[in-house]
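If you read the sequences in order, they're chains A and B.
Mapping of the first sequence onto my numbering: position 195 corresponds to residue 179, and the numbering continues sequentially without gaps.
Mapping of the second sequence onto my numbering: position 34 corresponds to residue 18, and the numbering continues sequentially without gaps.
Virtual Cβ for every residue (Gly too), placed ideally from N, Cα, C.
The structure appears right after this line, and notes come after that.
Number of protein chains: 2
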Amino acid sequence: MSMQDTASSGVALWRLVADGIERGIADGRFAAGDKLPGEMEIAETYRVNRHTVRRALAALAERGIVRAERGSGTYVEAQKLAYPLRSRTRFSEIVGAEGREPHGRMIEASEDVATRELARELGLKTGAPLVRIEAIRLADRTPICVSTTWLSAELFPGAGTVFAATRSMTKMLEHYGIRDYRRGATRITAGIVDATDAARLDLPLGRPILVVDATDLDLEGKPLVTKHSRFAAERVEFLVEP
Amino acid sequence: MSMQDTASSGVALWRLVADGIERGIADGRFAAGDKLPGEMEIAETYRVNRHTVRRALAALAERGIVRAERGSGTYVEAQKLAYPLRSRTRFSEIVGAEGREPHGRMIEASEDVATRELARELGLKTGAPLVRIEAIRLADRTPICVSTTWLSAELFPGAGTVFAATRSMTKMLEHYGIRDYRRGATRITAGIVDATDAARLDLPLGRPILVVDATDLDLEGKPLVTKHSRFAAERVEFLVEP
DNA sequence: TCAAGTTGTCTATGATACTAGACAACTTGA
DNA sequence: TCAAGTTGTCTAGTATCATAGACAACTTGA
């Protein structure tokens, strides 16, 4: 595989090799602690120059996924957060259940007005005043997802401040007298991380993300908040249970 | 944004611009038929040279996502397949419901033996004989997903041949007397397409894919088949309904 | 008709990406 | 101790990526 004969995809060869190796680690072909094949062997399997393989391994080493030992070999170190999608999903409970420490932090809150799309989702009128909250969630200091949350500024005045203080969506809603809520429709797709999210998630540019759009409802089915979340695909795996 | 000051991510600048525009189309900032901003304006928003924008637009035009008209502007043409995840998911029904024509085709079938992982999933013993089926599914001739399906070679002898003939998982199971089945646990994550799948899905290298691992059960909850599917993220959107 | 704004094409330059080959530095096991 | 196998480092050449500027070809609306 050379740059000449490949229909150029805009993705560097070393990056494809790095992704291939990472995939091998993710689906268990290489377990944590295993020794990877030699640089020469990897170069042959991907049909690239050894230097290209070295670039790929350097990138993986940079991210702490592998570790090279001169004269000996290159070894694996890695694993994913299991994230169940139920009608009752609470980030802190999910992370806690995996024995990891959940954290949340508000990045920014601002006033906004409802687009037609958002209005429909929240059962409001186009142009209705909204609070927009950008937040990040982490497990053991590793960023897992960033999300943009919208909710009615009339029903939840000062929601941004409350969220910043409580650092929890659940506690923020409790503040407005909402004891329980459930997940409405959820839409999932995948994309490539943009520059802003890359910085927030501490991800290199070009990494895949899981994009989740969801609306939470109160117990009578009335929309409360709607969210647009971006998860680092390499750090999480969604579970849909029957 | 220049190549010098960017911490090199292995993704070309033009590709980032193309992904950004595509994302804008996907989440409705640019609707089908809309005119995109001029090349100069796009160049300014992304802080790149106009030639870099042109490369991005050329790549999108190549894939039929936009269309350039000299002297006038560049226009959008696009949309995604909505794919509900229920306990009863049938590809042909989902595609048909969108008013599109579903197709299925077997790529390859072979004998295999169960790894520990596969054995656990299927309720068999490690090393049990399996049939492995590689298949592709399309909507209106556009490839949507490729999947690898495993099932017991003892319970379903000659399954590959039956599937090749019927071109349908449902009909194949009917052949063995299974009238109905339902979806068990489903695991979803995202990744980057590899060279083999890229060719099968008619995707450029480096595009994001949705990776779905699922097991289908009979009505008593006994595992029938387990699948590893890769969906072209740009052509599909999963819907999780409460 | 004409000016302003759009996409299309050309030339040119410097930085990266990839390949190729050679050899040094180090580890492992016989 | 030594040979084989590993990662680390150097030089060099070609292709691609990105920038820059200039101008042609075309569309649109005044």
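(message) Going by C-alpha to C-alpha distance, which of A:Arg167, A:Thr58, A:Ile91, A:Glu218 sits closest to A:Arg70?
(response) The count along the first sequence starts at 1 and reaches residue 70 of chain A at position 86. Ranking the options by Cα distance to A:Arg70, first place goes to A:Arg167.
(message) Please tell me whether A:Glu118 and A:Ile91 are closer than 8 Å, where the distance is taken between their beta carbons.
(response) Position 134 of the first sequence, counting from 1, holds the residue named residue 118 of chain A. Position 107 of the first sequence, counting from 1, holds the residue named residue 91 of chain A. The answer is yes: Cβ separation under 8 Å.
(request) Identify every run of the beta strand (DSSP E) within the stretch 155 to 218 of chain B, keeping only runs that are complete inside it and at least 3 residues long; order them along the chain. (result) 166 to 176, 192 to 201, 207 to 216
(request) Please name the residue, chosen from A:Cys129, A:Ser94, A:His35, that lies closest to A:Leu65 on a Cα-to-Cα basis. (result) Translated into the one-based positions of the first sequence, residue 65 of chain A becomes position 81. When only C-alpha atoms are compared, the closest one is A:Cys129.
(message) With H, G and I counted as helix, E and B as strand and the rest as coil, what does DSSP make of B:Thr110?
(response) As a position in the second sequence, residue 110 of chain B is number 126, starting the count at 1. Taken through DSSP and simplified to helix, strand or coil, B:Thr110 comes out as coil.
(message) What does the alpha-carbon distance come out to for the pair B:Met24 and B:Asp202?
(response) Stepping through the second sequence from its first residue, residue 24 of chain B is reached at position 40. Stepping through the second sequence from its first residue, residue 202 of chain B is reached at position 218. For B:Met24 and B:Asp202, the distance between alpha carbons rounds to 58 Å.
(request) Taking C-beta pairs closer than 9 Å, name the residues in chain B that A:Thr133 reaches, listed in chain order. (result) As a first step, residue 133 of chain A must be located in the first sequence, where it is residue number 149. Correct list: empty, because the minimum Cβ distance to chain B is about 16 Å.
(request) Classify A:Leu139 as helix, strand or coil using the three-state DSSP reduction. (result) The count along the first sequence starts at 1 and reaches residue 139 of chain A at position 155. A:Leu139: coil per DSSP, three-state reduction.
(request) Go through its chain and collect everything with a Cβ distance to A:Ala2's Cβ below 6 Å, but skip five positions before and after it. (result) Position 18 of the first sequence, counting from 1, holds the residue named residue 2 of chain A. Excluding sequence neighbours, A:Ala2 sits near Ala40, Ala43, Leu44.
(request) Check A:Phe14 in the structure and name its three-state DSSP category. (result) For the purposes of this step, residue 14 of chain A is taken as residue 30 along the first sequence, with counting starting at 1. In the structure shown, A:Phe14 sits in coil (DSSP, three-state: anything other than H, G, I, E or B).
(request) Answer yes or no: do B:Ala88 and B:Arg163 have a C-beta to C-beta separation smaller than 8 Å? (result) Taking the first residue of the second sequence as 1, we reach residue 88 of chain B at position 104. Taking the first residue of the second sequence as 1, we reach residue 163 of chain B at position 179. Just to set this straight, residue 88 of chain B is Gly in the shown sequence, not Ala. No, they are not a contact pair.
(request) Consider the Cβ of A:Val224: report whether some Cβ of chain B lies at a distance smaller than 8 Å. (result) Within the first sequence, residue 224 of chain A is the residue found at index 240, counting from 1. Answer yes: the Cβ-Cβ gap between A:Val224 and chain B drops below 8 Å somewhere.
(request) Please go through the same chain and pick out, in chain order, the residues whose beta-carbon is closer than 6 Å to the beta-carbon of A:Ala(-4), but skip the five residues on each side of it. (result) One-based indexing of the first sequence puts residue -4 of chain A at position 12. Here the set comprises nothing.
(message) Restricting to Cα atoms, I'd like to know which of A:Ala10, A:Ile78, A:Arg38 is closest to A:Asp124.
(response) Here residue 124 of chain A refers to the residue found at position 140 when the first sequence is read from its first residue. Of the candidates A:Ala10, A:Ile78, A:Arg38, the one whose C-alpha sits nearest the C-alpha of A:Asp124 is A:Ile78.
(message) If I measure Cβ to Cβ from A:Thr199 and keep anything under 6 Å in the same chain, skipping five residues before and after, which residues do I get?
(response) As a position in the first sequence, residue 199 of chain A is number 215, starting the count at 1. The answer, listed in chain order, is Glu105, Gly168, Pro207, Thr210.
(request) Taking the CB atoms as reference points, tell me whether A:Arg184 and A:Glu218 lie closer together than 8 Å. (result) Counting from one through the first sequence, the residue named residue 184 of chain A turns up at place 200. Counting from one through the first sequence, the residue named residue 218 of chain A turns up at place 234. No, they are not a contact pair.
(message) Starting from A:Ser94, trace the beta strand (DSSP E) in both directions and tell me its first and last residue.
(response) In the first sequence, counting from the first residue as 1, residue 94 of chain A sits at position 110. Where A:Ser94 is concerned, the enclosing beta strand (DSSP E) starts and stops at 86 to 97.
(request) Buried or exposed for B:Arg171, please, with buried defined as at least 16 other CB atoms from any protein chain shown within 10 angstroms of its CB. (result) As a position in the second sequence, residue 171 of chain B is number 187, starting the count at 1. So B:Arg171 ends up on the buried side.
(request) State the start and end residues of the unbroken beta strand (DSSP E) segment that holds B:Val79. (result) Translated into the one-based positions of the second sequence, residue 79 of chain B becomes position 95. It is not in any beta strand (DSSP E) - B:Val79 instead sits in the alpha helix (DSSP H) that spans 75 to 81.
(request) Please list the partners that A:Ala217 has in chain B, where partner means a Cβ-to-Cβ separation under 7 Å. (result) Here the question's residue 217 of chain A lines up with position 233 in the first sequence. What A:Ala217 touches in chain B: Thr173, Ala174, Gly175.
(message) Quick check on B:Ile49: does DSSP put it in helix, strand or coil?
(response) Taking the first residue of the second sequence as 1, we reach residue 49 of chain B at position 65. If DSSP states are grouped into helix, strand and coil, B:Ile49 belongs with coil.
(request) Give the interface partners of A:Leu244 over in chain B, defined as CB-CB distance under 9 Å, in chain order. (result) Only positions -15 to 226 of chain A appear in this structure, which leaves residue 244 of chain A out of reach.
(message) Any beta carbon from chain B within less than 8 Å of A:Pro231's own beta carbon?
(response) The requested residue 231 of chain A is not part of the displayed model; chain A covers only -15 to 226.
(request) Determine the DSSP secondary structure at B:Ala123, reduced to helix, strand or coil. (result) As a position in the second sequence, residue 123 of chain B is number 139, starting the count at 1. It is a strand residue.
(request) Specify the secondary structure class of A:Leu20 as computed by DSSP and reduced to three states. (result) Numbered from 1 along the first sequence, position 36 holds the residue referred to as residue 20 of chain A. Note: A:Leu20 maps to coil in three-state DSSP.
(message) Taking beta-carbon pairs under 8 Å, can you tell me which members of the stretch 14 to 36 of chain A lie near chain B?
(response) none
(request) Identify the contact partners of A:Asp178 in chain B, using a Cβ-Cβ distance below 9 Å as the criterion. (result) Counting from 1 along the first sequence, the entry for residue 178 of chain A is found at position 194. Those are Leu0, Asp3, Gly4, Arg7, listed as they occur along chain B.
(request) Could you spell out where the beta strand (DSSP E) holding A:Gly(-6) opens and where it closes? (result) Indexing the first sequence from 1 puts residue -6 of chain A at position 10. Segment: none, A:Gly(-6) is in no beta strand (DSSP E) and carries neither H nor E.
(request) Out of A:Tyr59, A:Ala52, A:Ser(-8), A:Val37, state which residue places its alpha-carbon closest to the alpha-carbon of A:Arg13. (result) Indexing the first sequence from 1 puts residue 13 of chain A at position 29. Checked all of A:Tyr59, A:Ala52, A:Ser(-8), A:Val37; the closest Cα to A:Arg13 is A:Tyr59.
(request) For A:Val60, go through chain B and note every residue whose CB falls closer than 9 Å to its CB, in chain order. (result) For the purposes of this step, residue 60 of chain A is taken as the residue at position 76 of the first sequence. Within chain B, no residue comes near A:Val60; the closest Cβ sits about 17 Å away, beyond 9 Å.
(request) Compare the C-alpha of A:Gly111 against each of A:Ile49, A:Ala137, A:Thr133 and name the closest. (result) For the purposes of this step, residue 111 of chain A is taken as the residue at position 127 of the first sequence. Among A:Ile49, A:Ala137, A:Thr133, the Cα nearest to that of A:Gly111 belongs to A:Ala137.
(request) Look at the alpha carbon of B:Pro86 and the alpha carbon of B:His159, and state the distance between them as a whole number of angstroms. (result) Walking along the second sequence from the start, residue 86 of chain B turns up at place 102. Walking along the second sequence from the start, residue 159 of chain B turns up at place 175. Looking at the two C-alpha atoms, the distance is approximately 21 Å.
(message) Cutting at 6 Å between CB atoms, please list the residues of its own chain near B:Arg116, excluding the five before and the five after it.
(response) Your numbering for residue 116 of chain B matches position 132 in the second sequence. Correct list, in chain order: Ser94, Asp96, Trp134.
(request) Would you decide whether A:Asp(-11) is buried or exposed? Buried here means 16 or more other CB atoms lie within 10 Å of its CB. (result) The sequence position of residue -11 of chain A within the first sequence is 5, counting from 1. Because A:Asp(-11) sits at a pLDDT of 34, beneath the cut-off of 50, its placement in the model cannot be relied upon, and the point is left open.
(request) Alpha carbon to alpha carbon, how far is B:Ser(-8) from A:Leu189? Give it in angstroms, no decimals. (result) Stepping through the first sequence from its first residue, residue 189 of chain A is reached at position 205. Stepping through the second sequence from its first residue, residue -8 of chain B is reached at position 8. One C-alpha to the other measures close to 8 Å.
(request) Under the assumption that A:Asp181 contacts B:Gly4 (Cβ atoms under 8 Å), give the Cβ distance between them as a whole number of angstroms. (result) Here residue 181 of chain A refers to the residue found at position 197 when the first sequence is read from its first residue. Here residue 4 of chain B refers to the residue found at position 20 when the second sequence is read from its first residue. That pair is no contact at about 12 Å.
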